[in-house]
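Chemist: Okay, here's the structure, questions in a sec.
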Amino acid sequence: SKQTLLRGRVLSFTAEPQDPQDTSAYEFIEDGALLVADGMILAKGSYGDLAQQAADAEVIDHRPNILMAGFIDTHLHFPQVQVIASWGSQLLEWLNNYTFPEEVRFADAGHSAEMAGHFFDLLTSHGTTTAVAYCSVHKTSAEAYFTEAARRNMRMIGGKVLMDRNAPEGLLDTPVSGYDDTKELIAKYHGKGRGMYAITPRFAITSTAGQMEIAGALVQEHPDCYVQTHLSENHDEIAFTAELYPQARDYLDVYQSYGLLTEKMLLGHSIHLQPREIDALAETKAKPVFCPTSNLFLGSGLFDDAGLRGRGITNAIATDIGAGTSYSMLQTLNEGYKVLQLQNQKLHPLRAFHWITRGNAVALGLEDKVGTLEAGTEADIVVLDSRATHAMDLRMQRAETLSEELFILQTLGDDRSIVQTYVAGQPMKA
Ligand code: GUN
Ligand code: FE
99 SKQTLLRGRV LSFTAEPQDP QDTSAYEFIE DGALLVADGM ILAKGSYGDL AQQAADAEVI
159 DHRPNILMAG FIDTHLHFPQ VQVIASWGSQ LLEWLNNYTF PEEVRFADAG HSAEMAGHFF
219 DLLTSHGTTT AVAYCSVHKT SAEAYFTEAA RRNMRMIGGK VLMDRNAPEG LLDTPVSGYD
279 DTKELIAKYH GKGRGMYAIT PRFAITSTAG QMEIAGALVQ EHPDCYVQTH LSENHDEIAF
339 TAELYPQARD YLDVYQSYGL LTEKMLLGHS IHLQPREIDA LAETKAKPVF CPTSNLFLGS
399 GLFDDAGLRG RGITNAIATD IGAGTSYSML QTLNEGYKVL QLQNQKLHPL RAFHWITRGN
459 AVALGLEDKV GTLEAGTEAD IVVLDSRATH AMDLRMQRAE TLSEELFILQ TLGDDRSIVQ
519 TYVAGQPMKA
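So the sequence shown is numbered by this note's numbering: it starts at 99 and just counts up by one.
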């Protein structure tokens, strides 16, 4: 089979860097290469060694750009590609005024298919090769999502949202239809090719107790599927949730009491948490998801990364499109850095780039498949130009270390720094 040798400055993380100088957590090869065939990385090493070893391979020279594992976005909404940048409100009004009316349109298969094309184009043009997405309530939207993911051979996770109250008529399922549709989608897409399913009760406010029960049954029947929802994003949301579920000890207890809280659970936002909720997250190994651009845009609050990490909790990081304001995981790091600065917490560049690659892979339990450039993993690779803009180029003239270069990329970079994105070894840009 055809072998390709990608030449460039190779950076791959093997552990989470513990401090800004932790060189044991990664390998950086200045004149490096990746040998790729059949969608997999066969070898990582110096260009000299690999060129000798694979003399017949086609060489693609990406020097002086950096080769890194493709970025992983652990929380975003596929039906919100035309919601991003909607003015003026915080969470509940934003959902009612902008988001719900837009998601109604995904009942239409043609619209879903058209938007799926745009959605996947945007992911890879921003360097993202794996994502965990909410589809709309309609089965059609999840079908369009997984069909497009398979067409592009991308490792994608997603699910149709379960929602049966507090939303417009055109966005409601029922406990029974939500259960049946989810079962059908799991059978059709979970573990097929690179697709994986996430059971997706949208959040406590939009599901009745009856629907939470069927969500719990789905989780029990499909322990290898992911589970995703939203938790404690906004004060009005938390108050309304307490009214709807008066017997729950706190917000997380709504999910916990229906059997949804496991290590396969991704909890978007997780900002305003009670001590008991943090204990429960630590015990169950569920994963909070930091969504910095969204939390700033909706004025939701400041995610306590250090506090949760200090409890041994593994935090993921994500864009949360369409409340998030950029598809770029680089811009997500940029805003995340600022959110942590406001709390006197630090995000150093080695940990930042580990987070959007291997770190998010670890949160998904997928680090043996994606998130690194180690031999035997899937060939999802991003090619990064640290001098993509005038501002970056000028600043790079004064950069002396890899960490400085990475910090410039994470602060000033966006899709202009994405020279190429390989998905299962195939270039996504012409
Ligand atoms: N909570 C419930 N649904 C949503 C959503 O679509 N976006 C955000 N940011 N929060 C939510
Ligand atoms: Fe969200």
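Beta carbons: idealized from backbone N, C-alpha and C, even for Gly. Quantities reported herein were computed from a predicted structural model and do not represent experimental measurements.
#1: Would the beta-carbon of SER392 be found less than 8 Å away from any heavy atom of ligand 2?
#2: Among ALA211, GLY434 and SER501, which has the Cα closest to the Cα of PRO177?
#3: Whether or not the region 475 to 483 and the region 186 to 193 are in contact is what I'm after, with contact meaning three or more pairs of Cβ atoms, one per stretch, closer than 8 Å; do they touch?
#4: Report the CB separation of LEU510 from THR487 in whole angstroms; it is logged as a contact under 8 Å.
#5: What is the rounded straight-line gap between the Cα of THR306 and the Cα of ARG263?
#6: Answer with buried or exposed for ALA416, where buried requires no fewer than 16 other C-beta atoms within 10 angstroms of its C-beta.
#7: From ASN194, GLY291, ILE182 and ILE369, pick the residue whose C-alpha is nearest to that of GLN423; which is it?
#8: So, at 6 Å on beta carbons, what are the nonlocal neighbours of PRO299 in its own chain, with the 5 sequence-adjacent residues on each side left out?
#9: Skipping 5 residues on each side, what residues in its chain have a beta carbon closer than 7 Å to that of ALA248?
#10: Count Cβ pairs between the region 501 to 517 and the region 407 to 421 that sit closer than 8 Å; are there 3 or more?
#11: For the beta strand (DSSP E) containing ILE506, name the first residue and the last one.
#12: Would a C-beta distance cut-off of 9 Å place GLY357 and ILE376 closer than the cut-off?
#13: Between VAL235 and LEU270, which are expected to be in contact by the criterion C-beta below 8 Å, what is the C-beta distance as a whole number of angstroms?
#14: When the distance is taken between beta carbons, is VAL202 closer than 9 Å to MET471?
#15: Would you give the residue range spanned by the beta strand (DSSP E) that VAL387 belongs to?
#16: For ILE538 versus SER426, is the C-beta spacing smaller than 9 Å?
#17: Helix, strand or coil for LYS237, going by three-state DSSP, please let me know.
#18: What does the Cβ neighbour count give for SER532, buried or exposed, with the cut at 16 atoms within 10 Å?
#19: When the distance is taken between beta carbons, is HIS452 closer than 9 Å to SER169?
#20: Return the chain-ordered list of same chain residues with a C-beta closer than 8 Å to the C-beta of GLN101, the five sequence neighbours on each side being excluded.
#21: Measure the Cβ-Cβ separation of GLY137 and GLN518 and say whether it is below 9 Å.
#22: So, using beta-carbon positions, are LEU428 and GLY225 closer together than 9 Å?
#23: Within the continuous beta strand (DSSP E) that includes LEU132, where are the two ends?
#24: Mind checking if ALA207 is an interface residue toward chain D, Cβ cutoff 9 Å exclusive?
#25: Regarding TYR425 and ligand 2, is the C-beta to nearest heavy atom distance less than 8 Å?
#26: Suppose contacts are defined by Cβ-Cβ distances below 9 Å. Is TYR243 in contact with ALA214 by that definition?
#27: Looking at the structure shown, is LYS142 part of a helix, part of a strand, or coil, going by DSSP?
#28: From what residue to what residue does the alpha helix (DSSP H) around PRO115 run?
#29: What runs of the alpha helix (DSSP H), each 4 residues or longer, lie entirely inside the region 427 to 484?
Modeler: Put simply:
#1: Yes, ligand 2 has a heavy atom inside 8 Å of this Cβ.
#2: Closest option to PRO177, Cα to Cα, is ALA211.
#3: Taking 8 Å as the limit for Cβ pairs, the verdict is that the region 475 to 483 does not touch the region 186 to 193.
#4: About 7 Å separates the CB atoms of LEU510 and THR487; that is less than 8 Å, so the two are in contact.
#5: In a straight line, the C-alpha of THR306 is about 7 Å away from that of ARG263.
#6: Under this definition ALA416 is a buried residue.
#7: First, the amino acid is wrong: residue 423 is Thr here, not Gln. For THR423, the nearest C-alpha among the options comes from ILE182.
#8: Excluding sequence neighbours, PRO299 sits near LEU260, SER305, ALA313 and THR327.
#9: Excluding sequence neighbours, ALA248 sits near GLY291 and GLY293.
#10: No contact exists between the region 501 to 517 and the region 407 to 421.
#11: Going by DSSP, ILE506 is part of no beta strand (DSSP E) but of the alpha helix (DSSP H) stretching over 500 to 510.
#12: No, the Cβ-Cβ distance between GLY357 and ILE376 is not below 9 Å.
#13: By a beta-carbon distance limit of 8 Å, VAL235 contacts LEU270. Their separation comes to about 7 Å.
#14: The displayed chain sequence assigns Leu, not Met, to residue 471. Going by C-beta atoms, LEU471 is not nearer than 9 Å to VAL202.
#15: Going by DSSP, VAL387 is part of the beta strand (DSSP E) stretching over 385 to 388.
#16: Residue 538 lies beyond the range of the chain shown here (99 to 528); nothing can be said about it.
#17: Residue state, collapsed to three classes: helix.
#18: For the chain, the structure presents residues 99 to 528; residue 532 sits outside this window and is missing.
#19: A quick correction: the sequence has Phe, not Ser, at residue 169. Not closer than 9 Å, so no.
#20: Only LEU133, VAL134, ALA135, LEU140, ALA152, ASP154, ALA155 and GLU156 meet the Cβ criterion.
#21: At least 9 Å separates the beta-carbon of GLY137 from that of GLN518.
#22: For LEU428 and GLY225, yes; Cβs fall inside 9 Å.
#23: Run containing LEU132: 124 to 135, per the beta strand (DSSP E) assignment.
#24: This model lacks chain D altogether, as it is built from one protein chain only.
#25: Incorrect: TYR425 has no Cβ contact closer than 8 Å to ligand 2.
#26: Result yes, Cβ atoms of TYR243 and ALA214 sit closer than 9 Å.
#27: Residue state, collapsed to three classes: strand.
#28: Counting along the chain, no alpha helix (DSSP H) covers PRO115, and no H or E run does either.
#29: Segments of the alpha helix (DSSP H) lying fully in the region 427 to 484: 427 to 439, 447 to 452 and 458 to 461.
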